[in-house]
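One point on numbering: in UniProt numbering, the residue at position 9 of the sequence shown is 9, and numbering is uninterrupted.
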Amino acid sequence: MRQSAILQAGVSRLSSQVTNVRFVHKAPLSFPLFDPFPIAQRRARTYMSAMLDRSHNAPELPPEIARRRTFAIISHPDAGKTTLTEKFLLYGGAIQMAGQVRAKGEARRTRSDFMQMEKDRGISVSASAMSFDFDGHRFNLVDTPGHSDFSEDTYRTLTAVDAAIMVIDGAKGVESQTQKLFEVCRLRDLPILTFCNKMDRESRDTLEIIDEIQENLAIDVTPASWPIGVGRDFLGCYDVLNDRLELMDRADRNKVAESIKIEGLDDPKLADHVPAHLLEQLREELEMARELLPAFDREAFLDGTLTPIWFGSAINSFGVQELMDGIAKYGPEPQPQRATPRAISPDEKKVMGYVFKVQANMDPKHRDRVAFVRLASGHFKRGMKLTHVRTKKPMAISNPVLFLASDRELAEEAYAGDIIGIPNHGQLRIGDTLTEGEDIRVTGIPSFAPELLQGVRAGDPMKAKHLEKALMQFAEEGAAKVFKPAIGSGFIVGVVGALQFEVLASRIELEYGLPVRFDASQFTSARWVTGPKLELDKFVNANKQHISYDHDGDPVFLTRLQWDIDRIERDYPELTLSATKEMHGA
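Right, dumping it as structure tokens:
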């Protein structure tokens with residue numbers, strides 16, 4: 001019965017290779033008749049498709065830069081992304097004991113979920129960065145929110161990494177949010193490594209999982225490892241790339257798997273460790289996989305058209321080290337960064353970096369604000385004076401930090417590819433560029449028009465000023481859009497997903513001691529308005545009841561119906577209504 005299922009999956013795969021052009025490199029994704037992407041994701045596709053092509057013919061990088069690996073972890077909620085992050089930190093020696101997303105009693109909670117709401121709900125709602133050493137390489141890892149309501153944070157994070165690890169659940173396969181995040185990675189041509197998690201639970205047939213990835217994501221898949229058994233029978237994996245047998249220890253979740261070097265699938269040593277029926281199944285499946293699936297090709301991987309897949313169980317620490325070895329050995333070095341008037345190469349001597357995220361109040365004891373900066377080039381040293389391009393003012397970077405989620409340590413130095421934190425009092429915003437004097441601005445960091453709009457007011461009317469301060473902080477963080485109406489008082493808050501309203505209310509109360517209420521708004525969408533000044537002023541004066549200003553002071557047209565947008569485009573042809581805004585600190 002099992003053999004026929006495998007054969008059927010294999011034949012299906014083979015026939016699709018022969019007849020289906022979707023496996024041609026960078027073929028468009030094929031979706032059902034309805035569009036599974038919310039408006040923001042569709043805008044992201046349009047906006048980010050013009051982003052920088054990756055260059056693999058770049059000059060050889062200095063060794064200290066070449067050993068950097070900067071990557072994000074993406075997945076559908078609950079696929080095990082944050083647990084995998086914890087195990088990375090454990091293997092990298094950054095922590096002594098891996099935490100659990102849903103910890104009970106004395107069990108330690110995860111390091112990367114540092115907000116109170118993340119701890120309470122067991123979900124990630126904010127991207128967090130971590131840096132650690134592994135096997136002679138410097139890993140800069142970003143754990144992103146899986147929940148679609150926080151997708152904008154994830155989009156911006158993906159502008160600051162060179163590769164992504166896609167985590168999928170062995171029982172559920174490719175889920176909706178995985179598909180959406182993969183689409184963003186594809187627009188940036190990011191190399192993708194796949195980790196199929198939870199193999200120690202009942203999961204689907206291996207070939208079926210691979211076939212689904214190829215079908216749904218239109219990317220070639222090559223096995224880096226192959227599971228031996230599933231669920232209760234899961235013993236471990238055969239390491240395809242290194243001809244090794246990896247055996248899982250269920251007794252100790254934080255123990256590195258036992259590794260046995262073998263000479264191919266016919267090595268008699270295999271029979272000493274794997275029961276006969278599972279060994280026969282392994283040989284049969286791998287033989288078919290080698291016939292039907294492409295071999296690993298690093299160039300195709302770096303181009304984003306081939307993904308190697310590892311199988312394992314993050315909670316049992318199994319398959320994690322092999323995945324980390326794969327990142328170290330095959331992952332991309334720091335890549336050139338798109339900017340205007342020219343691209344920035346990582347081997348340039350002068351330091352350049354850009355802000356892709358701002359996080360306030362990471363440490364509840366200090367009302368601080370930290371800008372996450374991806375270094376695009378150069379060798380940064382603490383105390384350097386850098387030019388803040390937007391204001392053209394020098395900034396002495398005296399207290400830069402390296403992250404371990406909410407924990408930090410002073411960074412004495414950093415290189416291109418690293419992510420450092422710069423504590424500041426609001427001078428740095430998302431999209432800002434820091435240089436050693438050159439007037440250059442990093443581009444490609446998007447802001448999307450919100451899909452949900454609500455009014456907000458403080459529970460105590462006497463605290464309206466405090467509320468304004470809190471809202472401006474969250475707007476600069478990118479956690480929400482805050483609009484000040486041209487007529488009347490108060491603010492309108494815009495978000496991508498409904499859960500963001502809950503997070504905002506929770507954070508304003510926890511961080512500012514200020515209970516707030518969100519009320520329904522008459523408006524349903526927002527568009528930034530640009531164009532010649534005279535035409536823009538005429539438009540604003542004629543439509544004041546629809547006009548608001550964002551935290552940068554840019555005019556925004558709030559609409560009730562699509563008809564409003566159509567009317568403006570017809571009556572004011574010289575103006576542009578845009579659903580995206582470039583965050584480049586201009």
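Glycine included, each C-beta is placed from N, C-alpha and C at the ideal position.
Item checked: Uninterrupted beta strand (DSSP E) stretches inside the region 174–207 (no shorter than 3 residues) -> Listed in chain order, the beta strand (DSSP E) elements of length 3 or more contained wholly in the region 174–207 are 192–197.
Note to self: According to DSSP, LEU306 sits in a beta bridge with which residue or residues?
What the structure shows: DSSP, once it has assigned bridges, lists ASP220 as partnering LEU306.
Check: What are the partner residues of ASP133, as DSSP defines its beta bridges?
Finding: The partner list for ASP133 (beta bridge, DSSP) reads ARG138.
Notebook entry, point to check: Do the region 573–580 and the region 545–555 touch if we need at least three Cβ pairs shorter than 8 Å?
Noted result: No: the two stretches stay apart, fewer than three of their Cβ pairs being nearer than 8 Å.
Notebook entry, point to check: The alpha helix (DSSP H) spanning THR83 covers which residue range?
Noted result: Segment 81–91, the alpha helix (DSSP H) holding THR83.
Notebook entry, point to check: Could you check where the alpha helix (DSSP H) with ARG338 kicks off and where it finishes?
Noted result: No alpha helix (DSSP H) contains ARG338, which DSSP labels as neither H nor E.
Notebook entry, point to check: Among the residues of its own chain, which have a CB less than 8 Å from the CB of GLY383, if the five just before and after it don't count?
Noted result: Cβ within range, chain order: ALA396, ILE397, SER398.
Margin query: Please state the DSSP three-state secondary structure of HIS551.
Written below: Coil.
Next item on the list: Please specify which runs of the alpha helix (DSSP H), each continuous and at least 4 residues long, are wholly inside the region 476–560, giving them in chain order.
Entry: Positions of the alpha helix (DSSP H) runs, each at least 4 residues long and wholly inside the region 476–560, are given as 499–512, 533–542 in order along the chain.
Margin query: Tell me which residues share the same chain as LYS87 and place their Cβ nearer than 6 Å to its Cβ, disregarding the 5 neighbours each side in the sequence.
Written below: Hits under 6 Å: ALA98, ALA314, SER317, VAL320.
Note to self: Check for me: the alpha helix (DSSP H) holding LEU278 runs from which residue to which?
What the structure shows: Judged by DSSP secondary structure, LEU278 falls within the alpha helix (DSSP H) whose first and last residues are 276–292.
Next item on the list: For GLU412, count neighbouring Cβ atoms within 10 angstroms of its own Cβ and tell me buried if that reaches 16, exposed if not.
Entry: GLU412 is exposed by the Cβ-count criterion.
Notebook entry, point to check: How long is the line joining the alpha carbons of TYR354 and LEU386, rounded to whole angstroms?
Noted result: Here the alpha carbon of TYR354 sits roughly 12 Å from the alpha carbon of LEU386.
Note to self: Please list the terminal residues of the continuous alpha helix (DSSP H) segment that includes TYR330.
What the structure shows: For TYR330, the enclosing alpha helix (DSSP H) begins and ends at 320–330.
Notebook entry, point to check: In chain order, what residues of the same chain lie with their CB nearer than 6 Å to the CB of LYS104, ignoring the 5 residues before and after it?
Noted result: A caution first: LYS104 carries a pLDDT of 37, below 50, which makes its placement in the model too unreliable to give a value.
Item checked: When MET288, SER525, ARG186, TYR91 are compared against GLY497, the one with the closest alpha-carbon -> Ranking MET288, SER525, ARG186, TYR91 by Cα distance to GLY497 puts SER525 first.
Check: Is DSSP giving SER30 helix, strand or coil here?
Finding: For SER30, the predicted model reports a pLDDT of 34, less than 50, meaning its position is unreliable; a value from the coordinates is still stated below. Collapsing the DSSP output to three states places SER30 in coil.
Notebook entry, point to check: So GLU285 packs on LEU207, CB below 8 Å; how close in whole Å?
Noted result: Going by Cβ atoms, the distance from GLU285 to LEU207 rounds to 7 Å, so yes, they are a contact pair.
Check: Is any heavy atom of the ligand NAP found at a distance shorter than 7 Å from the C-beta of ILE219?
Finding: Absent from the structure shown: the ligand NAP. Ligands present: none.
Item checked: Assigned secondary structure, ALA371 (DSSP; H/G/I helix, E/B strand, else coil) -> Under the three-state reduction of DSSP output, ALA371 falls in the strand class.
Checklist line | Distance CB(VAL167)-CB(ASN197) smaller than 8 Å | finding: Less than 8 Å divides the Cβ of VAL167 from the Cβ of ASN197.
Notebook entry, point to check: Which residues in the same chain as ILE39 place their Cβ atom closer than 6 Å to its Cβ, once the five residues preceding and following it in sequence are excluded?
Noted result: Caution is warranted here: a pLDDT of 47 is assigned to ILE39, below 50, making its placement in the model unreliable, and no coordinate value can be reported.
Next item on the list: In angstroms with no decimal places, state the Cα-to-Cα distance between LEU536 and PRO555.
Entry: Spanning the two alpha carbons is a distance of roughly 9 Å.
Checklist line | Beta-carbon gap between ILE260 and ARG244 smaller than 8 Å | finding: Yes. Within cutoff.
Margin query: For LEU434, tell me which candidate among VAL482, PHE372, PRO446, LEU293 has the shortest Cα-Cα distance.
Written below: Looking from the CA of LEU434, the closest CA among VAL482, PHE372, PRO446, LEU293 belongs to PHE372.
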